[in-house]
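Enquirer: Residues in the sequence shown are numbered from 0 upward in steps of one, following numbering that gives the first Met the number 0.
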Amino acid sequence: MKTAAVAAEANEASGFSLPDLVAAKLRGREFLGHPVGLYVLFLTEMWERFSYYGMIALLVLYMNDYLLTNATRAHQVFGYDTLAHLITVFFSALPFFGAHFSKLSVQQMSSQIYGLYTCFVYVTPFFGGLLADKLWGQHKCVYLGGILMAIGHFLMAFERCFLFALLFLVLGCGAIKPNISTQVGNLYPKGDGRRDRAFTIFYMGINIGAVLAPFICGTLRHVVGWRYGFASAGVGMLLGLVVYYLGSGLVPRQPAKTKADLEKGIDREIQNSAAFERPVKRPLTSLEWRQIWALVILCAFNIAFWAVYMQQSNTLMLWSAQRTNWHFWFFNIPPEWYASFNPAFIIMFAPLLDIYWGWQSKRGKEPSTVYKMGIGCLLLGLSYFIMMAAAQFVPASERGSVMWLTGTTVIFTLGELYLSPTGLSLVTKVAPGPLLNTMMGCWFFSYAVGDWVSGDLGMFYNVMTKHHFFQLLAGIGIVTGFIFFLLKRPLSRSIGADI
0 MKTAAVAAEA NEASGFSLPD LVAAKLRGRE FLGHPVGLYV LFLTEMWERF SYYGMIALLV
60 LYMNDYLLTN ATRAHQVFGY DTLAHLITVF FSALPFFGAH FSKLSVQQMS SQIYGLYTCF
120 VYVTPFFGGL LADKLWGQHK CVYLGGILMA IGHFLMAFER CFLFALLFLV LGCGAIKPNI
180 STQVGNLYPK GDGRRDRAFT IFYMGINIGA VLAPFICGTL RHVVGWRYGF ASAGVGMLLG
240 LVVYYLGSGL VPRQPAKTKA DLEKGIDREI QNSAAFERPV KRPLTSLEWR QIWALVILCA
300 FNIAFWAVYM QQSNTLMLWS AQRTNWHFWF FNIPPEWYAS FNPAFIIMFA PLLDIYWGWQ
360 SKRGKEPSTV YKMGIGCLLL GLSYFIMMAA AQFVPASERG SVMWLTGTTV IFTLGELYLS
420 PTGLSLVTKV APGPLLNTMM GCWFFSYAVG DWVSGDLGMF YNVMTKHHFF QLLAGIGIVT
480 GFIFFLLKRP LSRSIGADI
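Listed below in structure tokens is the structure:
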């Protein structure tokens, strides 16, 4: 019987690597109406998101319940004293914030670090997009990002390296995130109606990883300790890199060609060559500049959605740990499992919503992308009416039903499905070709600012009454939804296309 080593030598001798053999068998094939390459990206992103959401499910509770609660332990973290001093000085100097945050509590400091971390996770994709556009290409950036993220997750197992671990994770996410998403769009030629639905399928991959992560990482934290939960996230990232390597021959380096391009003699196989990945430099047209400004405006209001939405891993996670009864029968369930609710509902609702949009499309009633984004913001705002009720009916000294969090999460999950995958699709449809990766990075930059603001909003969790805090979040979501509705027509006229 041949060993794996003998088989590998045979492959090398024949001039084929394992990815070449996989590509030779599967290139050009489709599964469920989509290219097989979509499912390579699906699985890669699934494991990358497993690693990210496994860590994020633990992060606020780790700081709030363990790392920062002991002053001696906190001071031993490399760079923490300097960071805490800078944050305190910054907020003390602000006219409004200074009255409330001249001395930050553990919860407020945890919220700030959470907000800054998730902010920079979405700042660095801008530079990751530039790196791909100008120098290395998408494939190399994906490998770089995965390796950096794995290092960061393993460093989280060491308390003193906490801030260095976050730095590695930030840099890794920056390299991998815009370039994975852009490759999904590259699978389809311009005008292909499957693109929106492909991003919905891709989004399901993200959320399968996000469902599994809190169960595995949270349970390991609960049973054997924090470091094992963080290390398991690193293992997930390594699995993602293996999947991407094996399927690399099925993932295009440039956008797919239209039928007209192919009739002109453009070889479809060229798009899979490393040479074809080199960017084409040319000046932007006036239409392309208008497309860029349309995306910039939408990015500005995308910020508000993410500032409210990201409370689920911040203040709602604290509600899960402090105000929710997780005792079922003879079991005490880890509160980190709440982080699985949102991705689980996405997996449930995404196919149904895809079918519903298809049904609307056949009747000419499917909302445009910008209208979908407005609907998403409205649903996000409405979801917090349930938490307003929870704050009224659950006494501060008691723990309430998990159904309060469940109902809230169901509604803002529908809102996320209306906004997030359609927003990614919008970028690939509207962004000028020479700056596609860069504009994808800009889109993620709007997530970054939203995440930063989410940390600032979270600081009011113990300053305001819980009812008024959730009322604030509801108002931000609803107002932003109406702004998207008002923007749709002028932006569509500006770029000459219905968005």
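For each residue, glycine too, the CB sits at the ideal point set by N, CA and C.
#1: Output the distance between the C-alpha atoms of G36 and K428, rounded to the nearest integer angstrom.
#2: Determine the direct distance from the alpha carbon of G239 to that of S272, and round the result to whole angstroms.
#3: If you check the beta carbons only, do A131 and N206 fall under 8 Å apart?
#4: Quick test of your reading: I401 and N324, contact by CB under 8 Å. State the CB separation rounded to the nearest angstrom.
#5: Take K263 and list the residues in its own chain whose beta-carbon comes closer than 7 Å to its own, dropping the five residues that flank it on each side.
#6: Near Q359, what residues of its chain come up, given a Cβ to Cβ distance below 7 Å and the 5 sequence neighbours on each side ignored?
#7: Pick from K139, I477, T87: whose alpha carbon is nearest that of V250?
#8: Which partner residues does T464 have in the DSSP bridge list?
#9: Rounding to the nearest angstrom, what Cα-Cα distance links M108 and H74 in this structure?
#10: Opposite N341 in the DSSP bridges: which residues?
#11: V210: buried (16+ other C-beta within 10 angstroms of its C-beta) or exposed?
#12: S396: buried (16+ other C-beta within 10 angstroms of its C-beta) or exposed?
#13: Could you tell me which residues DSSP pairs with T323 in its beta bridges?
#14: Between A293 and the rest of its own chain, which residues show a CB-CB distance below 8 Å, the 5 nearest in sequence each way excluded?
#15: How long is the line joining the alpha carbons of L57 and T314, rounded to whole angstroms?
#16: State buried or exposed for L286, treating a residue as buried only when at least 16 other CB atoms are found within 10 Å of its CB.
#17: Within the same chain, show all residues whose beta-carbon is closer than 7 Å to that of F330, passing over the 5 residues directly before and after it, in chain order.
#18: Over what stretch of residues does the alpha helix (DSSP H) that includes S16 continue unbroken?
#19: Mind checking S176: buried by the 16 CB within 10 Å criterion, or exposed?
#20: Taking 8 Å as the threshold (C-beta atoms), are L379 and F411 in contact?
#21: I477: which of G414, Q137, F161 sits nearest, CA to CA?
#22: Mind checking who N206 pairs with in its DSSP beta bridge?
#23: By the 10 Å Cβ neighbour count, where 16 or more other Cβ atoms means buried, how is H467 classified, buried or exposed?
#24: Just tell me which of G173, F229, T123, E44 has its CA closest to the CA of F161.
#25: Mark T181 as exposed unless 16 or more other C-beta atoms lie within 10 angstroms of its C-beta, in which case mark it buried.
#26: Alpha carbon to alpha carbon, how far is I332 from H326? Give it in angstroms, no decimals.
#27: Check whether the Cβ atoms of A338 and P420 sit closer than 8 Å, and answer yes or no.
#28: Who are the near neighbours of A349 in its chain, counting only those whose CB is closer than 7 Å to its CB and skipping five residues on each side?
#29: Give the list of continuous alpha helix (DSSP H) stretches no shorter than 4 residues that lie fully inside the stretch 90-149.
#30: State the DSSP-derived secondary structure class of F459, mapped to helix, strand or coil.
#31: Can you tell me where the alpha helix (DSSP H) holding Y370 begins and where it ends?
#32: Distance check for Q111 and V88, CA to CA, integer angstroms please.
Expert: So, from the listed chains and residues:
#1: 19 Å
#2: Unreliable placement is indicated for S272, whose pLDDT of 39 sits below 50; no coordinate value is reported for it.
#3: no
#4: It should be pointed out that residue 401 corresponds to Val in this sequence rather than to Ile. V401 to N324, Cβ: 7 Å. Contact.
#5: A caution first: K263 carries a pLDDT of 47, below 50, which makes its placement in the model unreliable, though a value can still be read off. Around K263: no qualifying Cβ.
#6: E365
#7: K139
#8: DSSP output for T464 lists no bridge partner at all.
#9: 13 Å
#10: None, per the DSSP bridge assignment.
#11: Buried, by the Cβ-count rule.
#12: exposed
#13: G399
#14: V429, L490, S493, I494, I498
#15: 13 Å
#16: exposed
#17: none
#18: Segment: none, S16 is in no alpha helix (DSSP H) and carries neither H nor E.
#19: Going by the sequence as given, residue 176 is Lys instead of Ser. So K176 counts as buried.
#20: yes
#21: G414
#22: BP columns for N206 are empty, so no partner.
#23: exposed
#24: F229
#25: By the Cβ-count criterion, T181 is buried, with 16 or more other Cβ atoms from all chains shown falling within 10 Å of its own Cβ.
#26: Between the alpha carbons of H326 and I332 lies a distance of about 6 Å.
#27: no
#28: T199, Y202, M203, L416
#29: 105-130
#30: coil
#31: 368-392
#32: 13 Å
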